[in-house]
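**Student:** For the sequence shown, position 336 matches number 349 in this note's numbering, and the numbering has no gaps at all.
Just so it is clear, CB atoms sit at the ideal spot from N, CA and C, and this is done for glycine as well.
Structure provided below as structure tokens; questions to follow.
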Amino acid sequence: MTAPAAPHTPPSFQEMWRDLLPLGRHRGGGYRRHAWTAADADCRAWFRAQAETRGLRYEVDRNGNQWAWQDADPGAAAERTAVVTGSHLDSVPDGGAFDGPLGVVSAFAALDELRRRGVPRTRPLAVVNFGDEEGARFGTACVGSRLATGALTPQAARALRDADGVRWADAVARAGVDPEGVGPDPERLARIGCFVELHVEQGRALADTPHPVGVASAIWPHGRWRFDFLGEANHAGTTRLDDRRDPMLTYATTVLAARKKARQAGALATFGKVDVSPGGVNAIAGRVSGWLDARAPDEETLADVVAAVEEAAQARGRRDGVDVTVLRESHTPLVDFDHALRDRLSALLGGAPQLPTGAGHDAGVLSAVLPTAMLYVRNPTGVSHAPAEHATEDDCVAGVRALADVLEGLVSQA
């Protein structure tokens, strides 16, 4: 824990955004801020600098999540609990600039706005950067918040490995986090009265409306499944088509089946990652592994879609002489955000629209143990997890004002 230093004049939203923008930028304009890499370390150093510039109390918890605390004034009611805001700074491969960072930059800017307004510090306020939200490197999303809430066990986290075989435990240890000390953090979570996460909209629901900011109503249940297709490696130029046990055929059919089953059910299903062995241009694959991301409005629909995709894979596998195994790697149940909190936020923002989403967030994980809510800033492109992800400066500033209005209302609540 770092004691707060004397605050300096904090940078504006635009200045913070400008300083963060080049960190982890990859060719083509996307970002590779994968968890526990050099780019992630640069982002974490940026977060600490923002905390210290503002004289906030900086600390890193047992799971590697970063916190910047503005404590309540002496004499404030002891039973009042903290209001926390923030998001994450890591990215998907070649992701956009806004997913995650917009929520962290806006959180610092909103605290600055509250100071300018002279809002009394009747409740503690904090900004948080949750570690490894995207799961891009180790395959499990929201690792920092899942560990804190107990949704991910320390043993399971320590067993994670990236594509190069690097253990999660070794990666966090190199960053100064003790892998043997990770796990549930009930004492810290007990201090938090509510968590509000601002995020760029991942879609175009607000794009054609006059509203720059919306409120999340729910997060669809979703998960990740690994499909392994085991056939027989062979020569592409000498093996007759009828003699092949080609797992690529089974995989391709399964991808098409996922699209069809999701469309029929009003759900979403995507194979976005594939690994082929041995991977030769002139070789028939011996093994293909594909990762299914599936999301649906309710648990029953999600289960039905995944079961239908697996059934299609097994049926095609029998035809191709390919063995198919399926492993669920993660699952997040339906998150119906706290009704009282989300309605309060909508009212504080003059009746801002409430929107469901299929995207998972740390706010969704935390909702299992404390009241959480989300704000969305309008995204005119509707693109997310790609460089074209965008929000205008005017809408970002509107998002900061909206978050400040929300935080002021919450810290003033008796």
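Alpha carbon to alpha carbon, how far is Val294 from Thr252?
**Tutor:** 14 angstroms
**Student:** Can we say the stretch 74-84 touches the stretch 191-198, given the rule of at least three CB pairs closer than 8 angstroms?
**Tutor:** Yes, since at least three Cβ pairs between the stretch 74-84 and the stretch 191-198 fall closer than 8 angstroms, the two stretches touch.
**Student:** State the Cα-Cα distance for the pair Gly373 and Leu254, rounded to the nearest angstrom.
**Tutor:** Looking at the two C-alpha atoms, the distance is approximately 42 angstroms.
**Student:** Under the DSSP definition of a beta bridge, which residues are partnered with Ala81?
**Tutor:** Tyr71, Val140
**Student:** Counting only runs that start and end within the stretch 336-402, where is the alpha helix (DSSP H) found for 4 or more residues in a row?
**Tutor:** Correct list: 352-361, 375-379.
**Student:** What span of residues does the beta strand (DSSP E) with Cys207 cover, start to end?
**Tutor:** Start and end: 205-213.
**Student:** Report all residues from its chain with a CB closer than 6 angstroms to the CB of Ala91; omit the five preceding and five following residues, and keep chain order.
**Tutor:** Low local confidence applies: a pLDDT of 46 at Ala91 is under 50, so the model's placement there is unreliable, with the coordinate-based value given in what follows. Once the five neighbours on either side are set aside, Ala91 has no close Cβ partner at all.
**Student:** Indicate whether Leu420 and Ser158 have their beta-carbon atoms separated by less than 7 angstroms.
**Tutor:** With contacts defined as CB atoms closer than 7 angstroms, Leu420 and Ser158 fail to qualify as a contacting pair.
**Student:** Just curious, the alpha helix (DSSP H) that Arg272 is in, first and last residue?
**Tutor:** 260-278
**Student:** Does the stretch 237-249 come close enough to the stretch 334-342 to have 3 or more Cβ pairs within less than 8 angstroms?
**Tutor:** yes
**Student:** Going along the chain, which residues of its own chain have a beta-carbon closer than 7 angstroms to the beta-carbon of Arg341, five neighbours each way excluded?
**Tutor:** Gly236, Trp238
**Student:** For the 8 angstroms Cβ check, are there 3 or more pairs between the stretch 256-269 and the stretch 321-328?
**Tutor:** Of all C-beta pairs linking the stretch 256-269 to the stretch 321-328, three or more are shorter than 8 angstroms, placing the two stretches in contact.
**Student:** Could you have a look at Asn97 and say whether DSSP puts it in helix, strand or coil?
**Tutor:** Note that residue 97 corresponds to Val in the displayed sequence, not to Asn. Residue state for Val97 is assigned as strand, using DSSP reduced to three classes.
**Student:** So, at 7 angstroms on beta carbons, what are the nonlocal neighbours of Asp345 in its own chain, with the 5 sequence-adjacent residues on each side left out?
**Tutor:** According to the sequence provided, residue 345 is Thr. The question's Asp does not apply to it. Excluding sequence neighbours, Thr345 sits near Pro234, His235, Gly236, Gly373, Gly377.
**Student:** Between which residues of its own chain and Arg308 is the CB-CB distance below 6 angstroms, once the five residues before and five after are set aside?
**Tutor:** Cβ within range, chain order: Trp233, His235, Leu281, Gly371.
**Student:** Buried or exposed for Ala415, going by 16 or more other Cβ atoms inside 10 Å?
**Tutor:** buried
**Student:** Cα separation between Ser302 and Arg129?
**Tutor:** CA-to-CA, the gap between Ser302 and Arg129 works out to about 54 angstroms.
**Student:** Between which two residues does the alpha helix (DSSP H) harbouring Arg46 extend?
**Tutor:** Per DSSP, Arg46 lies in no alpha helix (DSSP H) and is assigned neither H nor E.
**Student:** Counting Cβ pairs closer than 8 angstroms, one from the stretch 31-50 and one from the stretch 139-152, do we hit at least three?
**Tutor:** yes
**Student:** Any idea what DSSP makes of Ser302, helix, strand or coil?
**Tutor:** strand
**Student:** Leaving aside the five residues before and after Pro106 along the sequence, list all residues of the same chain whose C-beta is less than 8 angstroms from its C-beta, in chain order.
**Tutor:** Gly43, Arg45, His47, Ala149
**Student:** With respect to the beta strand (DSSP E) encompassing Asp288, which residues constitute its N-terminal and C-terminal limits?
**Tutor:** 281-290
**Student:** According to the neighbour-count rule (16 or more other Cβ atoms, all chains shown, within 10 Å of its Cβ), is Pro291 buried or exposed?
**Tutor:** Exposed: under 16 other Cβ atoms inside 10 Å.
**Student:** With a Cβ-Cβ cutoff of 7 angstroms, do Ala123 and Ala417 count as a contact?
**Tutor:** yes
**Student:** Which of the three DSSP states is assigned to Asp241 in this structure?
**Tutor:** strand
**Student:** Is the stretch 201-208 in contact with the stretch 94-101, if contact means three or more CB pairs nearer than 8 angstroms?
**Tutor:** yes
**Student:** Give the range of the alpha helix (DSSP H) segment to which Ala164 is assigned.
**Tutor:** Per DSSP, Ala164 belongs to no alpha helix (DSSP H) and is neither H nor E.
**Student:** Consult DSSP for Val228 and reduce its assignment to one of helix, strand or coil.
**Tutor:** Strand at Val228.
**Student:** Using DSSP bridges, identify the partner residues of Gly412.
**Tutor:** According to DSSP, Gly412 bridges with nothing at all.
**Student:** Could you check if Thr22 is buried or exposed, using at least 16 other CB atoms within 10 Å of its CB as the buried criterion?
**Tutor:** exposed
**Student:** For Trp59, which option in Pro167, Val424, Arg31 has the closest C-alpha, if you only look at C-alpha atoms?
**Tutor:** Arg31
**Student:** May I ask you to report which of helix, strand or coil DSSP gives Ala91?
**Tutor:** Model confidence at Ala91 stands at a pLDDT of 46, short of 50, so the residue's coordinates are unreliable and nothing is read from them.
**Student:** Looking at C-alpha atoms only, which residue of Val140, Arg331, Asp53 is the closest neighbour of Glu72?
**Tutor:** Val140
**Student:** So, at 8 angstroms on beta carbons, what are the nonlocal neighbours of Lys286 in its own chain, with the 5 sequence-adjacent residues on each side left out?
**Tutor:** Gly303, Trp304
**Student:** Where does the unbroken alpha helix (DSSP H) through Gln327 begin, and where does it stop?
**Tutor:** 312-333
**Student:** Would you kindly work out how many angstroms separate the C-alpha atoms of Arg187 and Asp53, rounded to a whole number?
**Tutor:** Looking at the two C-alpha atoms, the distance is approximately 12 angstroms.
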